[in-house]
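Each number in my numbering corresponds to the 1-based position in the sequence shown with 72 added. Where is the CB? At the ideal position from N, CA and C, for every residue including glycine. In this text the structure is predicted, and so the values were computed from the model without any measurement. Below is one structure, written out as structure tokens; the observations come after it.
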Amino acid sequence: MNTSASGPGKDLFQTPPDFSLVLGGPLFQLLRRAHLCDDALLLARQRIGVIALLAWLPLLVLSALEGRILSDDLAVPFLLDMEVHIRFLVALPLLIIAELVVHQRMRPLLQQFQERNLIPEAAIPRFKAVIASAFRLRNSVLAEILLIALVYGVGVLIVWRQYWVLDAATWYAAPAVEGATLSFAGVWYGYVSLPIFQFLLLRWYFRLLIWARLLWQVSRIELSLIPTHPDRVGGLGFLSNTVYAFVPLAVAHGALVAGMLANRIMWLGATLPEFKVEIAVMVVFVMCLVVVPLLVFAPQLAAAKRTGLREYGTLAERYVREFDAKWLRGGAPADEPFVGSGDIQSLADLGNSYEVVRTMSIMPVTRDAILRLGAATLIPLVPLALTMMPLEELLKKLFGILF
């Protein structure tokens with residue numbers, strides 16, 4: 073089923089549905105008409121080229137025309153403003169790449185709920201309503217209009233003009249008595265480049281809100297969880313794999329922090345350890361965006377585990393008593409051989425089943441997924457370690473640890 077075209081109108085259980093957080097909304101339709109996007113989001117290079125160059129290239133050209141590209145008279149010339157380059161040439165492309173990755177990796181999500189029979193038959197209409205509601209929000213025109221209003225009303229006119237513009241001569245502004253005076257490059261930066269980036273970022277937060285809302289609504293349905301499922305999360309193990317889909321988004325957030333810290337280290341003489349709190353906050357923020365929504369299933373998983381321990385504990389009690397009476401108390405027929413008996417294997421199988429229930433997790437996300445997401449957020453900060461020591465010394469320490 074093509075969710076971008078058919079929407080929620082068709083019966084979602086006549087054919088296995090594809091779920092996508094990114095195929096919808098006015099921007100998606102605009103990019104399709106501009107031949108920068110298709111239903112499979114396979115034109116990522118074209119989108120990155122057009123959007124990134126629209127945000128960054130005019131800044132380069134205007135700064136060069138105004139003599140602000142590499143001037144000793146400026147506190148921050150354009151070519152040495154690492155935050156701007158990382159924002160528009162690294163973080164922004166990653167936001168676009170994240171769309172393709174999330175689309176491809178999360179498409180089978182609803183199929184898994186169906187194929188694993190997690191949704192009881194009586195709850196299928198409710199499940200369909202949840203999916204339809206998510207599609208409507210994803211395709212909302214009003215939502216993206218409100219995001220644009222938020223970008224210009226708060227992000228540009230309040231946050232950027234009052235808090236981001238430095239009280240020093242830079243490539244985008246010069247201090248004045250009545251306030252900072254923007255250069256031509258600064259006007260494009262503040263009213264075109266930054267709004268493009270902020271809109272794409274806020275649009276991602278809106279999609280994550282849709283994702284969290286969908287998970288919460290599904291978690292309100294009484295799922296048919298199996299405590300002895302080998303994934304040790306009642307059959308919801310596939311949800312942990314969705315964390316990996318958001319890795320490019322995590323790297324983009326790490327790049328934003330890296331750009332900000334690079335400027336402060338370069339121009340203000342700061343050191344990387346001074347920003348350990350900011351780095352930790354960003355890692356926690358990314359974890360909250362991606363991992364916390366999955367925790368809505370914890371109550372059902374905890375209840376399933378308690379029920380499983382009780383039921384399989386009772387079953388095990390009955391079996392071991394019968395096994396004890398038969399093989400240790402003389403209850404076995406005289407002609408029944410002990411060697412080769414299936415009773416031993418059944419006892420072992422029952423023990424394994426009980427162990428699966430006992431070790432069942434109440435969180436449908438693995439430790440490995442959490443660690444990889446955190447590592448992805450921190451990867452862009454690795455080059456800043458070179459500001460603390462020379463590359464040669466850093467490599468020596470690294471080899472000393474490894475070998």
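Nearest residue (CA-CA) to residue i, options the options
i, options, result
"M501", "D421, W283, G307", "Residue 501 lies beyond the range of the chain shown here (73 to 475); nothing can be said about it."
"V353", "Q417, W399, L450, Y261", "L450"
"Q183", "L387, V454, Q101, L308", "L308"
"P371", "A246, M435, I416, D303", "M435"
"V392", "G96, D421, V368, Q186", "D421"
"L456", "V133, H175, A327", "A327"
"A375", "V213, A221, S291", "S291"
"E346", "A334, G121, H325", "A334"
"R390", "K377, S418, V368, G402", "S418"
Opening and closing residue of the alpha helix (DSSP H) in which residue i lies
i, result
"R179", "Careful: R179 lies outside any alpha helix (DSSP H) and carries neither H nor E."
"C360", "348 to 362"
"F269", "266 to 291"
"G331", "319 to 340"
"P371", "370 to 399"
"G423", "414 to 430"
"P365", "That residue, P365, is in no alpha helix (DSSP H); it is neither H nor E in DSSP."
"V228", "Counting along the chain, V228 falls outside any alpha helix (DSSP H), and DSSP gives it neither H nor E."
"T449", "439 to 450"
"V133", "116 to 137"
CB contact below 8 Å: residue i versus chain C
i, result
"L146", "Annotation note: the requested chain C is absent from the structure, which comprises a single protein chain."
Residue i beta carbon near the ligand PLP (any heavy atom closer than 7 Å)
i, result
"I203", "Within the structure as shown, the ligand PLP is missing, as the structure has no ligands at all."
Backbone secondary structure at residue i - three-state DSSP
i, result
"A194", "helix"
"A106", "coil"
"V148", "strand"
"T300", "coil"
"T459", "helix"
"A481", "This structure gives no information on residue 481, because the portion of the chain shown stretches from 73 to 475."
"T343", "coil"
"T314", "helix"
Residue i versus residue j - alpha carbon distance
i, j, result
"V156", "P149", "11 Å"
"M154", "P192", "53 Å"
"D90", "T459", "46 Å"
"I217", "L274", "12 Å"
"S212", "F271", "15 Å"
"G158", "L321", "For the sequence presented, residue 158 should be read as Ile rather than Gly. Answer to the nearest angstrom: the Cα atoms are 14 Å apart."
"G477", "T314", "Residue 477 lies beyond the residue range present for the chain, which begins at 73 and ends at 475; the question has no answer from this structure."
Check whether residue i and residue j have beta carbons under 8 Å apart
i, j, result
"V228", "G262", "yes"
"E160", "A124", "Looking at the sequence provided, one finds Phe at residue 160 rather than Glu. Yes, the Cβ-Cβ distance between F160 and A124 is below 8 Å."
"G96", "R210", "yes"
"S312", "V437", "yes"
"V362", "L445", "yes"
"D110", "R104", "yes"
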